[in-house]
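One line per chain: the protein sequences are A and B, in this order.
Quick note, the first sequence lines up with residues 4 to 453 if you use the numbering used here.
Quick note, the second sequence lines up with residues 1489 to 1909 if you use the numbering used here.
Beneath this line is the structure, given in structure tokens, with notes to follow.
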Amino acid sequence: MSREVLVTGFGTVGAYGYACESLAAALELAAPVGAREVDRSAGRHRARGARRALLAPLSGLTAWLPPLEARRMSLPSRFSVAAARMAWCRAGLPGCRPAAGREGLPPAAPVRDARADPRHPAEQTAEETAVVMATAFGPCSFAEALLRQILGEGPESASPYLFTESVANAAAAQIAIACRARGPSITICQREAGALQAVGCGAAEVASGRVVRALVGTVDELPPLHHALLDRFGALARPRAEPSGAAGPPGGEEAARPFDRRRNGILAAEGATVLVLEEAEAARRRGARPLCRVLAWGSAFDPSAPPAGWGRGHAVLSRALLGMLARAGLLDWEGAPAARIDRIVSGASGSRSGDRLEAHTLRTAWNDRPLPPVLAPKGAVGEYGGGFLGAAVLAAAGAPFGPTCGFAEPDPELGVVPHDGSALAPPAAVLVSSLAAGGAASWLVLGAAG
Amino acid sequence: MRAGFAAGADRRVVVSGVGAVSGLGWGIEPLWQGLASGRSAIRPFQRFDHSAHRTHLAAEVPAPPFELERRFPGRQQTLAGRFALAAVDEALAEAGLCVPRDVAEAAVFFSSSTGGMWESEAFLADVLAGRRQRLHAMAAQQLNCPGDAIARHLGASGAVQTISSACASGALALGAALRAVRSGAAELAIAGGSDSLCQLTYAGFNALRAVDEAPCRPFRAGRAGMSIGEGAAALVLEPLERALARGAVPLAELAGAGASCDAHHMTAPEPSGAGAATAIEAALSDAGVPPEAIDFINSHGTGTPLNDLAEWRALERVFGERARRIPLTATKAALGHLLGCSGAIEALVTVLCLQRGELHPVPGPDDGDAAGAALDSEVPVALVVGRPLALPEARAALSASLAFGGSNAALVFLRWEAAGA
């Protein structure tokens, strides 16, 4: 890359609340804060299937999105615009102000004095700002509602409002409108790999000089039918069957257990995380206080994966991972990941085959040498919705992490024991790894702000 | 060769193979024959019962030839996935690449706006009717499925990225592939898009009153909306040196890509055309090609009153007075609007026009007397009508895409001329 890329802003929305601090607190507490019962009244779930999910409360939304503005938006658009405004404010950029009564982080940097420029503050940055958002499933509640209208009441009853917001790029478009971002607007749909691809794509736009900054992130919602489908696919963690065959304690045993021998699925989540990526010189000129740097990014595909699961292509994926590190100068003289990579934020989610592929890919890349501390935050923040991306930024910024939520028994087949909650030295470089169902894989390396 | 233009980037990237599925048929030749003869694929269709819909036309892909039906059985793939795989196989064959030997590390940049929505609709209909549901149909309904299916089919381990930015998706996917190959992140990329007809988009665009009851009439005075189509397009991209070294004959050079956002409205384009103009200027700059070098334009040309007007204003901003004279075609009048695939198939058609030295006509009456067929003085583009326009000297062409949500993308292609030719 030709230009240095910094992360200067960060906003997040999830079951943990509407602030970076609430996500940080959930990670330090190592608990799925805000997990609650999903509406199963339609009878679409399996009888002994998953009951819980990390659903974002709507109560905190008005602080970032006035009701008048929100009523034109799907839930993913609302989450995204709220997170984008948080990130924009956190970056200390002008304009794009939220509604009155804002809560959360105060701006980390003084807002630039825009008096010399007669344009609206956000207009001064409009054409310099790209938006790259990822979504695994898009605005599925609106698509579902629209199809119910079409199939149940006839096509002439289709709501134009529902249709407009049912497209996958609605969230990116609404962010662009809210922040007056007139650079490229791109939406990536690559399941669990999409979030890191969005960061890589935005970083490439900034590094090349095509834009000065990019709002990048990920969003997903989790309506009951979607939760039921994930449950019926067997993707979700469910109450564990005891040796007698009886179900475990209601709710208590239903947890995502990354890398654990007893893992039996993911804890689904909804929400959004948006980052401000900024060209380093421009950020320094305006006095921004960066959270971390984007050092490298890369993607690959495991062709052995089935359409909705993980394959066994760890050799292919570890080779691609090493290739990315090599291009970024992050291999040591033996061709292994450099010691400078002193932390891994793993996308292990509690999926049996997904965690196995993740563990084998990392161990192969490290040539079975000891891995640096492995943080596996999806036990606390769930799968989808952006908590994972937020956790990666917090890890690179040196935030404390509690013990790995849901982990208790090592799995000998995996050979990975994730972080136990002990204090860690500030990181130099953090590898972020996310392997998607269906075969896609994506990685990022984030460096300390320096 | 690319004499006369400033170098736009590190490595030059060429298109070495193309494949397509469209309302005009399965393959490039039916597509080109239909386009060159001014035929439109927009007609009454069979995919679903549209008697209760407001309009009754679409550019539906005909039933596949027997060998394709056998190779890509419908039970294992979504319709969009089958279109994508057929297009990719054709593109790789033209490029002279063997599967899996030559494509093991290929990257895939594909676009889709509905993925397997057609299959999802069948699933939800079963849910609503209380019938037994086929869960496996949902496994392949995600937007990333066509791109993933391609990589799985090829055994490819390069990056796979699915872009879903409505009607700009295809052009954005090609732009992403260009950057990956140009930078060395990929040595070979399969780029394109795929979408299939479904009730959600058909009813949705009708709800917006954005669909013409007649076949769409881009840039005509009587235009009243778009027509929906379906299909897939695939382009093989690789560095020029690699293509030449293995004896491939490039079809064209993908010289530049640009993108922008109107940041104005979810469905209406920014009326001054400023956003679209930014994308076009970025593509020209990326290609190192000045506006005066563009020999023809494959427009977005949906046929909606506002979109065509905004596009004209964007062209006028970029090309000035010359915008009235640059030959312009609108492939959507022949193939309908392929939504997430439209930018990809229009880019592919742009390559064919450059390669074959002629610009396909926009289907429809060419005498201006038929109702709604007169050219619109408010959008005074040089629309190619009636018969193909011979452009044997054309060297540079622009393909533009303007999407829902204000996302704009543009691509610049250059004719491939072998050294000494």
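Cβ coordinates follow ideal geometry from the N, Cα and C atoms, glycine included.
Computed from a predicted structure; not experimentally measured.
Item                                                                                                                                                                              : Value
When you compare the region 1598-1618 of chain B with the region 1655-1665 of chain B, are there three or more beta-carbon pairs, one atom per stretch, that lie closer than 8 Å? : yes
Using only the alpha-carbon positions, how far apart do L1902(B) and A1775(B) sit?                                                                                                : 9 Å
Would a check of beta-carbon distances place F236(A) closer than 8 Å to chain B?                                                                                                  : yes
Closer than 8 Å is the cut-off here; do at least three beta carbon pairs connect the region 1686-1703 of chain B with the region 1638-1647 of chain B?                            : no
Should V134(A) be flagged as near chain B, meaning a C-beta pair shorter than 8 Å?                                                                                                : yes
Can A443(A) be considered in contact with the ligand PLP, in the sense that its beta carbon sits closer than 7 Å to one or more heavy atoms?                                      : Questions concerning the ligand PLP fall outside what the structure shown contains, since it holds no ligand whatsoever.
How big is the Cα-Cα spacing for L447(A) and P163(A)?                                                                                                                             : 39 Å
My understanding is that V1503(B) touches L1725(B), with C-beta atoms under 8 Å, so please give their C-beta distance in whole angstroms.                                         : 6 Å
Shorter than 8 Å from the beta carbon of N267(A) to some beta carbon of chain B?                                                                                                  : no
Output yes or no for whether 8 Å exceeds the beta carbon distance between A1747(B) and A1897(B).                                                                                  : yes
Could you compute how far the alpha carbon of V114(A) sits from the alpha carbon of G186(A)?                                                                                      : Below a pLDDT of 50, predicted positions are generally treated as unreliable, and V114(A), at 42, falls in that range; the measurement from the model is reported next regardless. Their Cα atoms are separated by approximately 21 Å.
Could you compute how far the alpha carbon of F1611(B) sits from the alpha carbon of F140(A)?                                                                                     : 16 Å
Can you check whether the CB of A1882(B) is closer than 8 Å to the CB of D1783(B)?                                                                                                : yes
Would you mind stating whether G1717(B) and A1529(B) have Cβ atoms separated by less than 8 Å?                                                                                    : yes
Determine the chain A residues that contact L1688(B) at a beta-carbon separation under 8 Å, and present them in chain order.                                                      : A146, L149, L150, I153, F166 and S169
Between V1839(B) and the rest of its own chain, which residues show a CB-CB distance below 8 Å, the 5 nearest in sequence each way excluded?                                      : V1503, V1506, L1723, L1739, A1740 and F1901
Taking a contact to mean a Cβ-Cβ separation below 8 Å, would you say A1821(B) touches S1887(B) in this structure?                                                                 : no
Rounded to the nearest angstrom, how far is the Cβ of E1799(B) from that of G1789(B), given a contact under 8 Å?                                                                  : 7 Å
Under the three-state reduction of DSSP, which class applies to T1650(B): helix, strand or coil?                                                                                  : strand
Would you say A206(A) reaches chain B, if we count a Cβ-Cβ gap shorter than 8 Å as a contact?                                                                                     : no
Just confirm the distance between the C-beta atoms of A240(A) and L270(A), as a whole number of angstroms; I'd bet it's less than 8 Å.                                            : 6 Å
Looking at the structure shown, is L239(A) part of a helix, part of a strand, or coil, going by DSSP?                                                                             : strand
What does DSSP give as the partner residue(s) for E1718(B) in the beta ladder?                                                                                                    : According to DSSP, E1718(B) bridges with nothing at all.
What are the residues of the region 1585-1607 of chain B that lie near chain A, defined by any Cβ-Cβ distance shorter than 7 Å?                                                   : S1601
With distances taken between CB atoms, is the gap from L320(A) to D305(A) smaller than 8 Å?                                                                                       : yes
By the 9 Å beta-carbon criterion, what residues does the region 1732-1755 of chain B contribute toward chain A?                                                                   : G1746, A1747, S1748, C1749, D1750, A1751, H1752, H1753, M1754 and T1755
With 16 as the cutoff for other CB atoms within 10 Å, does Q1629(B) come out buried or exposed?                                                                                   : buried
Of all the residues that make up the region 1636-1655 of chain B, which are near chain A by a beta-carbon distance shorter than 8 Å?                                              : D1636, A1637, A1639, R1640, L1642, G1643, A1644, S1645, G1646, A1647, V1648, Q1649, T1650, I1651, S1652, S1653 and A1654
Across which residues does DSSP place V344(A) in a beta bridge pair?                                                                                                              : The question names Val, but residue 344(A) is Ile in the sequence shown. DSSP output for I344(A) lists A432(A) as bridge partner(s).
Measuring only the C-alpha atoms, how far is A1531(B) from R1558(B)?                                                                                                              : One detail in the question is off: residue 1531(B) reads as Arg in this sequence, not Ala. Distance between the alpha carbons of R1531(B) and R1558(B): 27 Å.
Using a Cβ-Cβ cut-off of less than 7 Å, list which residues of the region 1765-1786 of chain B approach chain A; keep chain order.                                                : T1766
How long is the line joining the alpha carbons of A50(A) and D1577(B), rounded to whole angstroms?                                                                                : 44 Å
Tell me which same chain residues have a C-beta within less than 6 Å of the C-beta of Y19(A), skipping the five on either side of it?                                             : S25, L26, A29, V36 and G37
Going by other Cβ atoms of all chains shown within 10 Å of its Cβ, with 16 needed for buried, is E1866(B) buried or exposed?                                                      : exposed
Using beta-carbon positions only, say whether E7(A) and R296(A) come within less than 8 Å of one another.                                                                         : yes
Would you tell me roughly how many angstroms separate the C-alpha atoms of S1889(B) and V1872(B), rounded to the nearest one?                                                     : 19 Å
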